[in-house]
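Participant: Counting from 3, one number per residue, gives the positions in the sequence shown under the numbering used here.
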Amino acid sequence: MDKNFILAMVLSVGVLLLWQQFVAGPEQQRYRAAQEAAQQAAQEAAPNGQALQPSDLGDFAVVDAAVPLISVDEALAAAPGRLPIRTADIEGSINLQGGRIDDLKLIQYHETVDPESPTIRLLSPRATEHGHYAQQGWIAGDDVGENALWNAAAGATLTADSPVILTREKDGFVFEKKISIDDQYMFTVEQSVRNETGETQSVTPYALVIQRGVPEKLNRGIVHEGPVGVIGTVLFSRKYNSLRKNKDKAIKDELGIGGWIGITNKYWLAAIVPPQNEEMKASLFNRGTETEPIFRASYSLPVRSVAPGETLTLTSHLFTGAKDVDVLQSYEASPEKGGLGVYDFDKAVDWGFLFLLTRPIFYTLNFFGDLIGNFGVAILILTVIIKIILFPLANKGYESMSKMKKLQPEIEKLKERSGDDKAKMQQEMMALYKKEKMNPLAGCFPILLQMPVFFALYKTLFITIEMRHEPFIFWIRDLSAPDPTTIFNLFGLLPFDPTAVPVVGLYLGIGVLPLLMGVAMWFQTKLNPPPADPTQAQIFAMMPFIFVFIFAPFAAGLVLYWFWNTALSILQQWLIMKKNGVSVDWGERFKMPALKKSADSEPK
Numbered sequence: 003m004d005k006n007f008i009l010a011m012v013l014s015v016g017v018l019l020l021w022q023q024f025v026a027g028p029e030q031q032r033y034r035a036a037q038e039a040a041q042q043a044a045q046e047a048a049p050n051g052q053a054l055q056p057s058d059l060g061d062f063a064v065v066d067a068a069v070p071l072i073s074v075d076e077a078l079a080a081a082p083g084r085l086p087i088r089t090a091d092i093e094g095s096i097n098l099q100g101g102r103i104d105d106l107k108l109i110q111y112h113e114t115v116d117p118e119s120p121t122i123r124l125l126s127p128r129a130t131e132h133g134h135y136a137q138q139g140w141i142a143g144d145d146v147g148e149n150a151l152w153n154a155a156a157g158a159t160l161t162a163d164s165p166v167i168l169t170r171e172k173d174g175f176v177f178e179k180k181i182s183i184d185d186q187y188m189f190t191v192e193q194s195v196r197n198e199t200g201e202t203q204s205v206t207p208y209a210l211v212i213q214r215g216v217p218e219k220l221n222r223g224i225v226h227e228g229p230v231g232v233i234g235t236v237l238f239s240r241k242y243n244s245l246r247k248n249k250d251k252a253i254k255d256e257l258g259i260g261g262w263i264g265i266t267n268k269y270w271l272a273a274i275v276p277p278q279n280e281e282m283k284a285s286l287f288n289r290g291t292e293t294e295p296i297f298r299a300s301y302s303l304p305v306r307s308v309a310p311g312e313t314l315t316l317t318s319h320l321f322t323g324a325k326d327v328d329v330l331q332s333y334e335a336s337p338e339k340g341g342l343g344v345y346d347f348d349k350a351v352d353w354g355f356l357f358l359l360t361r362p363i364f365y366t367l368n369f370f371g372d373l374i375g376n377f378g379v380a381i382l383i384l385t386v387i388i389k390i391i392l393f394p395l396a397n398k399g400y401e402s403m404s405k406m407k408k409l410q411p412e413i414e415k416l417k418e419r420s421g422d423d424k425a426k427m428q429q430e431m432m433a434l435y436k437k438e439k440m441n442p443l444a445g446c447f448p449i450l451l452q453m454p455v456f457f458a459l460y461k462t463l464f465i466t467i468e469m470r471h472e473p474f475i476f477w478i479r480d481l482s483a484p485d486p487t488t489i490f491n492l493f494g495l496l497p498f499d500p501t502a503v504p505v506v507g508l509y510l511g512i513g514v515l516p517l518l519m520g521v522a523m524w525f526q527t528k529l530n531p532p533p534a535d536p537t538q539a540q541i542f543a544m545m546p547f548i549f550v551f552i553f554a555p556f557a558a559g560l561v562l563y564w565f566w567n568t569a570l571s572i573l574q575q576w577l578i579m580k581k582n583g584v585s586v587d588w589g590e591r592f593k594m595p596a597l598k599k600s601a602d603s604e605p606k
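Structural data, given as C-alpha cells:
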C-alpha cells in the first residue's frame with residue numbers, strides 16, 4: 003500500500019467533515035417565462051378590480067415593533083377566545099382572533115429521551131419570540147380577516163370525531179370555516195363566503211404559514227430548515243439564514259398547479275395544501291429584517307366572482323406534525339385510495355443529493371425496524387445487505403491486498419537493494435506489480451465503496467423522525483444521538499462532562515461504541531500490507547485512533563454501522579487471505595516490531 007491509499011483515507015475523512023458542516027440539500031429553481039403575463043391576465047379577469055394578494059399586504063401578519071414579545075402562556079391567556087384541539091397525537095387550540103391555528107403540541111414526542119421531558123411545541127402565538135402559526139381565509143376588498151373575531155359554539159372542541167364551525171360577518175360578507183382533523187396531523191378547512199352586499203364582488207382565497215425568528219436549535223449544513231414547498235411539480239426551498247441575510251433570495255409569486263408550501267424544521271413541518279387542481283401563486287420569503295426575521299410561506303388562488311346572494315365554498319388542508327415518511331406518503335395517495343393526491347409531499351424530508359441511496363437505506367431500516375422492533379438490529383441487517391451487494395467489488399480489493407501482503411518479502415528485498423534511492427525503489431516496485439498483474443490501488447476500493455453509503459446513512463439517521471430517540475441495547479437509548487458514555491469520565495463514574503469543554507468538547511465524548519470501532523479498525527490494519535515508506539506506515543497505524551476521535555460526536559447508529567461493517571470486513575478479508583495462501587498468524591501480527599522475524603526468515 004503506497005501514499006495513494008493514505009491520500010484516499012485523508013480525503014475521505016475530509017469529505018466527511020465538510021459534509022457535516024457545509025453540504026446542503028438540493029435547491030431546485032425554475033421560474034416560468036410567462037409569469038408576468040399570467041399575473042397581468044389574472045388582474046384583467048377580476049370583475050371589480052384585482053383583490054389584494056398575500057405578497058401585497060404590507061404589514062399583514064407582522065407584529066408592531068413597538069409591541070414587546072410575550073411568553074406563550076401570556077399570549078394564550080391574552081386571546082379573546084380559544085377553541086380547544088384534542089386528538090391522540092396533538093393538543094392545542096384555535097385562536098378565535100383571526101381564526102388561526104397558533105397553539106399546537108405534539109404529545110407523542112418529547113424534547114429528550116426522558117418520557118417526563120416536555121412535549122414538542124410546534125405552533126406558538128404570533129406575539130411570542132418564536133411565533134409560528136398558520137392562517138387561511140378570504141381576501142374580500144381590503145379585508146383579510148387578520149384580526150377579525152370569529153364565533154364558535156359554546157363548549158366546542160375539535161377532535162378527530164367532531165369538527166367545529168367558525169363564523170363571522172364583515173361589510174356584507176358572511177364567512178364560515180368548518181375545520182376537521184384526521185387521526186394524524188392533517189386539518190381539513192372547508193371555507194365558504196356568502197355575498198350579501200347586493201353587488202357582484204371579488205374575493206381571493208389565501209393561506210400562509212409564519213415563523214418568527216430562527217429556531218434556537220438550528221442544524222446547519224446537513225439538513226434543510228426554513229421555507230419549503232412543491233409548487234406545481236418543482237421543489238423550492240430557502241434556508242432560514244439564506245433569507246435572513248439576503249432577502250433577494252426570496253421566491254415571489256411562483257405559479258404552479260397543485261403542490262404544497264410551508265416551513266420545516268429538522269423533524270417537524272407546518273404546511274398549507276391548496277386544492278390540487280387549482281393554480282396557486284406561492285411565495286417563500288422573509289417579511290422582517292435580518293435581525294428580526296419573519297419567515298412566511300404563503301399562497302393565493304385565482305380571484306373569484308361572487309354574485310349577490312351567492313355562496314362560494316373552498317376546501318384546503320393544513321399539515322402540522324412530524325415528518326413521518328409513511329404519514330407523508332399516505333397523503334400522496336390519490337383520493338380513490340384514501341389520500342389527498344398531494345404531489346411529492348415526502349420531499350418535506352430533505353433526502354439530499356444522494357437520494358438514490360438515502361431513500362433505499364431508509365426504506366430498508368424502516369422495514370426491518372418495524373418488523374423486529376429495534377432499529378439497531380435493523381442497522382446490523384442493513385450492513386449485511388450492503389456487504390452482500392458490494393461483495394464482488396470488495397473481494398477484488400481484498401484479493402489485491404492479499405497479493406500485496408504475499409509480496410511483502412519481495413518488497414523488503416527491494417527496499418534493501420534500493421537503499422535511500424526512493425526513485426529506483428518506486429520503479430522496481432511498479433515493475434513487480436506489473437509482473438504480478440496487480441493494481442496497488444485496488445486495495446482502496448473497499449474503503450472508497452463504503453464512503454457514499456456512509457454519508458447516505460449519516461444523512462438518514464440525522465434527518466428521519468423514525469430514527470429519533472430509537473434505542474438499541476443497554477446504554478444506547480437514542481441511535482440518532484452520540485454514544486452517551488465517555489472514557490474521559492470513566493464512563494460516568496466521575497462527576498464531569500468532558501463534552502462541555504470549549505472547542506474540543508465535541509470530540510471528547512469517546513464512548514464504548516467508538517472505542518469498539520477503533521479496536522476493530524486496528525485489527526483490520528494488521529491484515530493489510532504496510533506502506534513501504536516508514537512515515538506513511540506510522541500515519542496508517544494511527545488512523546484507527548484518529549477515527550475514534552472523529553466518530554465520537556457522530557450518531558450511535560452510524561458508529562454501530564461502521565463497527566459492524568469493519569468486523570464483517572475483517573472476516574471477509576481473513577477468508578480471502580487464507581484462500582490466497584497468505585499467513586494469518588494473529589499472534590505474529592500483533593508482536594512489537596522489534597520482536598518480529600526478518601522478512602528473509604518468513605516462509606516463502
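Where a beta carbon is used, it is the ideal one built from N, C-alpha and C, also for glycine. None of the values given here were measured: they were computed from a predicted structure.
Between ARG128 and ASP104, how many whole angstroms is the CB-CB distance? I'm expecting something under 8 Å.
Facilitator: Yes, they are in contact, since the Cβ atoms of ARG128 and ASP104 sit about 6 Å apart, within 8 Å.
Participant: Between which residues of its own chain and PHE456 is the CB-CB distance below 8 Å, once the five residues before and five after are set aside?
Facilitator: The residues are LEU18, LEU560, TYR563 and TRP564.
Participant: Figure out for me which residue from ALA90, PHE287, ILE296 and LYS325 has the closest Cα to the Cα of THR266.
Facilitator: Cα-wise, what sits closest to THR266 is LYS325.
Participant: Please return the same chain residues whose Cβ sits closer than 6 Å to the Cβ of PRO473, not counting the five positions on each side in sequence.
Facilitator: So the qualifying residues of the chain are ARG479.
Participant: Quick one, are the C-beta atoms of ILE489 and ILE475 less than 9 Å apart?
Facilitator: Not in contact: ILE489 and ILE475 (Cβ atoms no closer than 9 Å).
Participant: Find the nearest neighbour of ASP75 within the set ILE92, THR317, HIS112 and LEU125, judged by alpha-carbon distance.
Facilitator: Ranking ILE92, THR317, HIS112 and LEU125 by Cα distance to ASP75 puts LEU125 first.
Participant: What three-state label does DSSP hand SER318 in the structure shown?
Facilitator: DSSP places SER318 in strand when its eight states are reduced to three.
Participant: In this structure, does DSSP put THR366 in helix, strand or coil?
Facilitator: Note: THR366 maps to helix in three-state DSSP.
Participant: State the Cα-Cα distance for the pair PHE493 and TRP576, rounded to the nearest angstrom.
Facilitator: Cα-Cα distance, rounded: 33 Å.
Participant: Quick one: what's VAL505 bridged to in DSSP?
Facilitator: Paired residue(s): none; VAL505 is not in a bridge.
Participant: Measuring CA to CA, which of LYS251, GLN138 and ASN97 is closest to LEU210?
Facilitator: Residue GLN138 is the option with its Cα nearest to LEU210.
Participant: Quick one: what does DSSP say LEU392 is sitting in, helix, strand or coil?
Facilitator: Of the three classes helix, strand and coil, the one that applies to LEU392 here is coil, per DSSP.
Participant: With a threshold of 16 other CB atoms inside 10 Å of the CB of GLY60, please say whether the residue is buried or exposed.
Facilitator: Confidence at GLY60 is low in this model, with a pLDDT of 46, below 50, so its placement is unreliable and the value that follows should be read with caution. GLY60 should be labelled exposed.
Participant: Does the beta-carbon distance from GLY264 to LEU168 come in below 9 Å?
Facilitator: Cβ atoms of GLY264 and LEU168: not closer than 9 Å.
Participant: If you reduce the DSSP assignment to three classes, tell me which class PHE551 lands in.
Facilitator: Note: PHE551 maps to helix in three-state DSSP.
Participant: Do you know offhand how far LEU71's Cα is from ALA77's?
Facilitator: If you take the alpha carbons of LEU71 and ALA77, they lie about 9 Å apart.
Participant: State yes or no: is the C-beta of GLN203 within less than 9 Å of the C-beta of VAL308?
Facilitator: Yes, the pair counts as a contact, with Cβ atoms nearer than the cut-off.
Participant: Among MET523, LEU573, PHE556 and THR537, which has the Cα closest to the Cα of MET545?
Facilitator: Among MET523, LEU573, PHE556 and THR537, the Cα nearest to that of MET545 belongs to MET523.
Participant: Closer than 7 Å by C-beta to VAL166: which residues in its own chain qualify, once you throw out the five before and the five after it? Chain order, please.
Facilitator: Cβ neighbours of VAL166 beyond the five flanking positions: LEU85, ALA154, ALA158, LEU160 and ILE181.
Participant: Using CA coordinates, which residue listed in ASP173, PHE553, ASP145 and LEU271 is at the minimum distance from HIS134?
Facilitator: Cα-wise, what sits closest to HIS134 is LEU271.
Participant: Which one or two residues does DSSP pair with PHE474 in a beta bridge?
Facilitator: Bridge partners of PHE474: none, in fact.
Participant: How would you label ALA433, buried or exposed, when you count the other beta carbons within 10 angstroms and need 16 or more for buried?
Facilitator: Looking at its Cβ environment, which holds fewer than 16 other Cβ atoms inside 10 Å, ALA433 is exposed.
Participant: Could you tell me how far apart the beta carbons of LEU367 and ALA380 are, in whole angstroms, since I believe they sit closer than 8 Å?
Facilitator: With 8 Å as the limit, LEU367 and ALA380 qualify as a contact, their Cβ atoms being about 5 Å apart.
Participant: Going by DSSP, what residues sit across from TYR301 in a beta bridge?
Facilitator: According to DSSP, which records beta bridges pairwise, TYR301 is partnered with ALA209 and ALA284.
Participant: Counting only runs of 3+ residues fully inside the stretch 221 to 267, write out the beta strand (DSSP E) ranges in chain order.
Facilitator: Whole beta strand (DSSP E) segments, 3+ residues: 228 to 233, 236 to 239, 253 to 259 and 261 to 266.
Participant: I want to see whether chain B comes within less than 9 Å of LEU98, judged by CB atoms only; does it?
Facilitator: The question asks about chain B, but that chain is absent: this structure has only one protein chain.
Participant: Which partner residues does GLN203 have in the DSSP bridge list?
Facilitator: Bridge partners of GLN203: VAL308.
Participant: Taking C-beta to C-beta, are PHE553 and PRO500 nearer than 9 Å?
Facilitator: No, these two residues do not count as a Cβ contact at 9 Å.
Participant: Please list the terminal residues of the continuous alpha helix (DSSP H) segment that includes GLY375.
Facilitator: It is not in any alpha helix (DSSP H) - GLY375 carries neither H nor E in the DSSP assignment.
Participant: Where does SER164 land, buried or exposed, given buried means 16+ other C-beta within 10 angstroms?
Facilitator: Under this definition SER164 is an exposed residue.
Participant: Which first and last residues belong to the beta strand (DSSP E) in which ALA142 is found?
Facilitator: Taken as a continuous stretch (DSSP letters only), the beta strand (DSSP E) holding ALA142 covers 134 to 142.
Participant: Can PHE321 and ALA284 be called in contact, C-beta distance under 9 Å?
Facilitator: No. Outside cutoff.
Participant: At what residues does the alpha helix (DSSP H) containing PHE565 begin and finish?
Facilitator: 558 to 581 is the span of the alpha helix (DSSP H), which, as asked, contains PHE565.
Participant: Cα separation between ASP372 and VAL216?
Facilitator: Answer to the nearest angstrom: the Cα atoms are 34 Å apart.
Participant: Can you tell me where the beta strand (DSSP E) with GLN110 in it begins and where it stops?
Facilitator: Start and end: 102 to 112.
Participant: Would you tell me roughly how many angstroms separate the C-alpha atoms of MET519 and LEU459, rounded to the nearest one?
Facilitator: Taking the straight line from one Cα to the other gives about 16 Å.
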